[in-house]
Every structure is written in C-alpha cells, then in structure tokens.
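Peer 1: The structure's right below; bear with me while I get my questions together.
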Amino acid sequence: MNIILFESEQNSLPLSDNRAKHILEILKLKEGDTFKAGVINTSEGLATIKEINGKEILFDYQATSVPVLYPVTMIIAQVRPICMKRILREAVSLGCSKIILTTSDTGEKSYANSNIYKSGDYIDYLLDGAMQSAHAGVPEVMFAENASKAIALAPSTATHILLDNAVGSTPLSSATVTAPAVLAIGPERGWSDREREIFISNGYLPMLLGNRVLRTETACSTGLAILLSRLNLL
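In terms of the numbering used here, the numbers along the sequence shown are unbroken and rise by one, the last being 235.
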C-alpha cells in the first residue's frame, strides 16, 4: 500500500484491520510518524499517529489535495475473471476515470455473471490499484449487455478510439488525440465484424498497438499508457 484509503474521514483503525497491520508490520511506524492517507474520491493528505494502544491506532488526518483521475473512459470486453482482476487493478493504477465492462459477440457470456461482480469483490481490485498508485481516485465502473449499450454509457463528446488489429490502420502511438477520450478494447478473440461496424458508425476511429495480437489485459495496460502519453498526461 502506497496510501491508506478510507471510505469516509476517520481518526482510528482497529489493530485487526489489514490497514493497521500494514502500518505496524510493513511500514513499522510508531507514535509521531506519518503516513499518506486519503478518503476515496474526496481528499488526499497525511495522517499523524497520535497513539497506538492494545486495541487501535489513533491518528490525525490532514487533507492537502483533491484526487484527480485522467479524462479517459475505457470500454473493455469481458474476459476471464482472473484476467479482469489484473485489468481493473492496472487501469486504476494508471488513473482512468471510468470503466465500462461489456459482453461481446466472441467472448464467453458467463464471464459477466462471475462471482466477483455478484459479490462486489471487483471493488477490492479497484482499491488495490488506487493504493498502488498512491492516490485516492477510484473510477466509476459500469456494466453493459453489448457494444451498443456500452457506447451509450460512454461520453458522447470525446476522441473515440477502437483498438483493433483487423480494421485498424493508424498506430495509436503516433495518433493525434485530444481529451476527453474513450478507448474500446475487445475480448481475446477480438470484436466481431458486427461490433466493429457499430463502433465505427458511432465515430470510433480504428487504431493499432502494432502488428501483434495481444491478450486483452496486455492491450488494456499498453493501450491506456500510450493514450495517456499522447494526451501528455504521462
């Protein structure tokens, strides 16, 4: 953890909390020490430990800034849950502001009904990504039944990019893009011809990451990083 996150502002942590264990066992902090802390999507700052007793850690929190996410929305086709966990973590680490997960023609439909969504466990991976990034910003995650509905959930006024090896011609690494931006990335077998037509008819520009076929999780991290670079945000 590069930042300790809270859902609301507070000044104590029970010793049984994993965050308290991290502070004491990993960071090895003591009374008088400080650690970076934040309230999710609200504030970031420093916490000063005032007391460590047999039950809890008491601290004062001083907010110093407001968390900022980059103006990029990602439309991501559903893939195996074990892969999606990594995708979500890295997308948050890189700072995207919104994630839309959608089923696709060539992807396994059951992925969307995975227990990580039903139980809400996917939120833990969002928080992991935020804590890795040392920032308190956590993107909104939305779910769509198909590409058309995913497009409807994305910002309509933006640079719309479809990453696709089949119809893409412009390398994302040399493209001229402006913020805000939407980046659509397909499943392991790629978008279907029908879905490609839907994206293109809605103003999405087909672009490439190169001439190699990448796994969805690789394309998400690489594509987002390149896009942020083209936006002069990295």
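Yeah, the Cβ is synthetic: ideal placement off N, Cα and C, and Gly gets one too.
Computed from a predicted model, the values in this text were never measured in an experiment.
Hey, would you say L206 sits closer than 7 Å to I162, going by beta carbons?
Peer 2: Taking the sequence shown and counting its residues from 1, one reaches residue 206 at position 205. Taking the sequence shown and counting its residues from 1, one reaches residue 162 at position 161. Yes, they are a contact pair.
Peer 1: Give me the residue from E10, I50, F144 with the minimum Cα distance to K119.
Peer 2: Position 118 of the sequence shown, counted from the first residue, corresponds to residue 119. When only C-alpha atoms are compared, the closest one is F144.
Peer 1: By the DSSP assignment, the alpha helix (DSSP H) with K150 in it spans what residues?
Peer 2: Mapped onto the sequence shown, residue 150 falls at position 149. Unbroken alpha helix (DSSP H) run through K150: 148-154.
Peer 1: If you draw a straight line from the C-alpha of N19 to the C-alpha of I88, how long is it?
Peer 2: One-based indexing of the sequence shown puts residue 19 at position 18. One-based indexing of the sequence shown puts residue 88 at position 87. One Cα belongs to N19, the other to I88, and the distance between them is close to 23 Å.
Peer 1: Compute the Euclidean distance between the alpha carbons of K150 and I4, then round it to the nearest angstrom.
Peer 2: Translated into positions along the sequence shown, residue 150 becomes position 149. Translated into positions along the sequence shown, residue 4 becomes position 3. Whole-angstrom Cα-Cα distance: 35 Å.
Peer 1: Measuring straight from C-alpha to C-alpha, what distance separates N42 and P156?
Peer 2: For the purposes of this step, residue 42 is identified with residue 41 of the sequence shown, where counting begins at 1. For the purposes of this step, residue 156 is identified with residue 155 of the sequence shown, where counting begins at 1. Looking at the two C-alpha atoms, the distance is approximately 20 Å.
Peer 1: Do T217 and V80 have their CB atoms nearer than 7 Å?
Peer 2: By one-based count along the sequence shown, residue 217 stands at place 216. By one-based count along the sequence shown, residue 80 stands at place 79. Taking 7 Å as the Cβ cut-off, T217 and V80 qualify as a contacting pair.
Peer 1: Please go through the same chain and pick out, in chain order, the residues whose beta-carbon is closer than 6 Å to the beta-carbon of K86, but skip the five residues on each side of it.
Peer 2: By 1-based counting over the sequence shown, the position of residue 86 is 85. Here the set comprises Y126.
Peer 1: Taking the alpha carbon of G108 as the point to measure from, which residue in G191, L235, P140 has its own alpha carbon closest?
Peer 2: For the purposes of this step, residue 108 is taken as the residue at position 107 of the sequence shown. Nearest of G191, L235, P140 to G108, Cα basis: G191.
Peer 1: Please work out which residues of its chain come closer than 6 Å, Cβ to Cβ, to S13, disregarding the five sequence neighbours upstream and downstream, and give them in chain order.
Peer 2: Walking along the sequence shown from the start, residue 13 turns up at place 12. Within the same chain, S13 has close Cβ partners E57, L59.
Peer 1: Tell me the rounded alpha-carbon separation between C84 and N116.
Peer 2: In the sequence shown, the residue the question calls residue 84 occupies position 83. In the sequence shown, the residue the question calls residue 116 occupies position 115. Looking at the two C-alpha atoms, the distance is approximately 14 Å.
Peer 1: From R1 to P188, what does the alpha carbon distance come to, in whole angstroms?
Peer 2: The structure shown does not extend to residue 1, since the chain is modelled only from 2 to 235, so the question has no answer here.
Peer 1: With DSSP as the reference, identify every bridge partner of E172, one or two as the case may be.
Peer 2: Your numbering for residue 172 matches position 171 in the sequence shown. Note that residue 172 is Pro in the sequence shown here, rather than Glu. In DSSP, P172 forms a bridge with L209.
Peer 1: In whole angstroms, give me the CA-to-CA distance for I101 and N54.
Peer 2: If you number the sequence shown from 1, residue 101 lands on position 100. If you number the sequence shown from 1, residue 54 lands on position 53. Per the coordinates, the alpha-carbon of I101 lies some 44 Å from the alpha-carbon of N54.
Peer 1: Quick check: V93 and A131, are their CB atoms within less than 7 Å of each other?
Peer 2: The residue given as residue 93 occupies position 92 in the sequence shown. The residue given as residue 131 occupies position 130 in the sequence shown. Cβ distance < 7 Å, so V93 and A131 count as in contact.
Peer 1: Given this structure, state the Cα-to-Cα distance separating V178 from T158, to the nearest angstrom.
Peer 2: Counting from 1 along the sequence shown, the entry for residue 178 is found at position 177. Counting from 1 along the sequence shown, the entry for residue 158 is found at position 157. So the two alpha carbons sit approximately 13 Å from each other.
Peer 1: Specify, as a first and last residue, the run of the beta strand (DSSP E) that T65 falls within.
Peer 2: Taking the sequence shown and counting its residues from 1, one reaches residue 65 at position 64. Here the beta strand (DSSP E) through T65 covers 57-66.
Peer 1: Restricting to runs no shorter than 4 residues, where is the alpha helix (DSSP H) found entirely within the stretch 58-116?
Peer 2: 82-95
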